[in-house]
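What the sequence shown shows, in the UniProt record's numbering, is residues 1 to 146, in sequence order.
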Amino acid sequence: MSIQRMDNVAIVVDDLDEAVDFFTELGMELEGRQVVEGPVPDQTVGLDGVRTEIAMMRPPDGHGGVELTKYLAPAASWPSPASPAPNTLGLHRVMFAVDDLEDTVARLRRFGSEPLGGVANYEDVYLLCYLRGPAGIIVALAQRIG
Numbered sequence: 001m002s003i004q005r006m007d008n009v010a011i012v013v014d015d016l017d018e019a020v021d022f023f024t025e026l027g028m029e030l031e032g033r034q035v036v037e038g039p040v041p042d043q044t045v046g047l048d049g050v051r052t053e054i055a056m057m058r059p060p061d062g063h064g065g066v067e068l069t070k071y072l073a074p075a076a077s078w079p080s081p082a083s084p085a086p087n088t089l090g091l092h093r094v095m096f097a098v099d100d101l102e103d104t105v106a107r108l109r110r111f112g113s114e115p116l117g118g119v120a121n122y123e124d125v126y127l128l129c130y131l132r133g134p135a136g137i138i139v140a141l142a143q144r145i146g
């Protein structure tokens, strides 16, 4: 037996509306939004008194997704440091294929997102860049050019 698919990546955010706007601008669609609480989330995440609001974002192809989660209780806390460097151990980057990297970066600037370094050309096959997204995560963008 093996896994069937990767369903989604969860990102805990402090401003759910802004995070939804960010991923909508990136090209994802809001599939649904709801408050989740009770014994099932308490048991699942191992915390007591969980109350969250989640927004499920789906990419245009419908595969996978991003679950944006705002903890209403218990309150979320920032890791230290709040925006870890790209070489920090652990999960903190999500990559998206885009059709126009420069346009995508320009549109995400209204959220304060700037490339961490710059736009790199990888062997005339991809344009690549990293930028900061909601909650300080790194959002990687890749445009196939060759």
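Glycine included, every Cβ here is placed at the ideal spot set by N, Cα and C. The structure displayed is predicted, hence computed values, not measured ones.
DSSP-derived helix/strand/coil call for V50: For this step, residue 50 is matched to residue 50 along the sequence shown. The answer is coil: DSSP assigns V50 none of H, G, I, E or B.
May I ask you to report which of helix, strand or coil DSSP gives P115? On the sequence shown, position 115 is the one that residue 115 refers to. P115 carries a strand assignment under DSSP once its states are collapsed to helix, strand and coil.
To the nearest whole angstrom, what separates the beta carbons of M57 and E31, a pair I think is in contact under 8 Å? Here residue 57 refers to the residue found at position 57 when the sequence shown is read from its first residue. Here residue 31 refers to the residue found at position 31 when the sequence shown is read from its first residue. Right, their Cβ atoms sit about 7 Å apart.
So, at 8 Å on beta carbons, what are the nonlocal neighbours of A142 in its own chain, with the 5 sequence-adjacent residues on each side left out? Position 142 of the sequence shown, counted from the start, is the residue given in the question as residue 142. Here the set comprises M95, F96, A97, V98, L101, Y126, L127 and L128.
Proximity below 9 Å, CB of G146 to CB of D124: Counting from 1 along the sequence shown, the entry for residue 146 is found at position 146. Counting from 1 along the sequence shown, the entry for residue 124 is found at position 124. Yes, Cβ-Cβ distance for G146 and D124 is below 9 Å.
In terms of alpha-carbon separation, which member of D7, D21, L16 and S2 lies closest to R109? Reading the sequence shown from its first residue, position 109 is the one you call residue 109. Nearest Cα to R109 within the set D7, D21, L16 and S2: D21.
At which residue ranges does the UniProt domain "VOC" (5–144) contain complete alpha helix (DSSP H) runs of 4 or more residues, listed in the order of the chain? Whole alpha helix (DSSP H) segments, 4+ residues: 16–26, 39–45 and 101–108.
L47, buried or exposed, once every other Cβ within 10 Å from all chains shown has been counted against 16: Indexing the sequence shown from 1 puts residue 47 at position 47. Taking all protein chains shown into account, L47 has fewer than 16 neighbouring C-beta atoms within 10 Å of its C-beta and is therefore exposed.
Own chain partners of V35 with C-beta closer than 6 Å, once the 5 adjacent residues on each side are dropped: Locating residue 35 in the sequence shown gives position 35, counting from the first residue. For V35, the CB contacts under 6 Å within the same chain, skipping 5 residues up- and downstream, are E53 in chain order.
Taking Cβ to Cβ, would you say G65 is nearer than 9 Å to P74? Position 65 of the sequence shown, counted from the first residue, corresponds to residue 65. Position 74 of the sequence shown, counted from the first residue, corresponds to residue 74. For G65 and P74, no; Cβs fall outside 9 Å.
With a CB to CB cut of under 6 Å and the five nearest residues on each side skipped, what residues in its chain are close to E29? The residue labelled residue 29 in the question sits at position 29 within the sequence shown. The beta carbon of E29 sits closer than 6 Å to the beta carbons of R58 from its chain, once the five residues preceding and following it are set aside; these are given in chain order.
Hey, out of G38, A135 and V139, whose CA is closest to G117's CA? Within the sequence shown, numbered from 1, the residue matching residue 117 stands at position 117. With respect to the C-alpha of G117, the residue from G38, A135 and V139 having the closest C-alpha is V139.
Which residues in the same chain as R144 place their Cβ atom closer than 8 Å to its Cβ, once the five residues preceding and following it in sequence are excluded? Here residue 144 refers to the residue found at position 144 when the sequence shown is read from its first residue. Excluding residues within five positions, the ones whose Cβ falls inside 8 Å are A97, V125 and Y126.
To the nearest angstrom, how far is the alpha carbon of S83 from that of F111? For the purposes of this step, residue 83 is taken as the residue at position 83 of the sequence shown. For the purposes of this step, residue 111 is taken as the residue at position 111 of the sequence shown. So the alpha carbons of these two residues sit roughly 15 Å apart.
Taking its Cβ as the centre, do 16 or more other Cβ atoms sit within 10 Å of S113, making it buried, or is it exposed? Mapped onto the sequence shown, residue 113 falls at position 113. That one is buried.
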